[in-house]
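Read the structure below first, then the notes.
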Amino acid sequence: MYIGLSVDGYIARPDGDLAWLESRGAAAAEAGAGDLGYEAFLAGIDAVVLGRVTYEQVLGFGDWPYGERPVVVLGSGGPGPGTAPPVQWAPSVPRAVELLDAVGARHVYVDGGATIRSFLDAGRIDDLVLTRVPVLLREGISPFAGAGTDVPLELVDVRSFPGGLVQEAYRVADPHRAGDRPHR
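Residue numbers (numbering that gives the first Met the number 0): 0 to 183.
See below:
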């Protein structure tokens with residue numbers, strides 16, 4: 000998981016607006032922050048899981064950022080006719096995991112508030128990269144809020160970037176997650 004969020008833990012405003020993130024990310028890039036390691040992160044993944052809302056937002060960005068990697072959208076239904084690029088749809092985390100296993104995916108990028116929460120609750124996220132943007136939104140969409148259980152984390156790395164961005168890398172510190180299963 001690799002995501003930008005406000006200092007108080009929101010990935011979007013209550014209405015899903017990301018303008019605050021885009022403007023501050025652009026300002027940080029102009030200040031010399033670069034891509035914050037995003038391209039290197041993408042180079043290390045072999046599949047992507049997106050929530051439906053995130054998928055629709057990514058389609059609006061123009062260029063498809065995931066190349067030829069398999070993409071699973073967590074949700075029901077599917078896009079309208081002629082929607083590109085091709086993706087597979089899964090109504091649940093277990094079905095998404097089946098689809099990922101079928102293509103041999105071992106390092107998966109999970110994105111989207113509810114999707115991240117669902118994968119965390121299912122014990123299917125092992126690594127988190129959180130890039131904190133120096134703003135307090137005070138309300139919004141959180142990928143972590145909800146009725147799930149505590150998820151203990153081990154801090155792996157902290158980096159600061161121009162523009163006040165702070166990136167924290169964590170590994171889930173749950174002994175029940177150990178083993179040779181794919182990293183999500």
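C-beta atoms are modelled at their ideal positions from N, C-alpha and C, and glycine is treated no differently.
* Selection from Tyr9, Ala113, Asp16 and Trp19 that minimises the alpha carbon distance to Gly74 -> Ala113
Legend entry - DSSP state of Trp19 mapped onto helix, strand, coil: helix
message: Nearest by alpha-carbon distance to Asp149: which of Gly66, Ala172 and Phe160 is it?
response: Ala172
key: C-alpha distance - Val86 paired with Gln56, whole-angstrom precision   = 15 Å
* Mark Arg187 as exposed unless 16 or more other C-beta atoms lie within 10 angstroms of its C-beta, in which case mark it buried. => Outside the modelled stretch of the chain, which goes from 0 to 183, sits residue 187, for which no answer is possible.
Inter-stretch contact (C-beta, 8 Å, three-pair minimum) for the segment 36-54 and the segment 104-121: yes
Notebook entry, point to check: In chain order, which continuous runs of the alpha helix (DSSP H) of length 4 or greater are located wholly inside the segment 109-166?
Noted result: 112-120
Self-check item: Per-residue DSSP class, three states only, for Leu73
Solution: strand
* Asked: Roughly how many angstroms lie between the CA atoms of Arg131 and Pro151, to the nearest whole one?
  -> 19 Å
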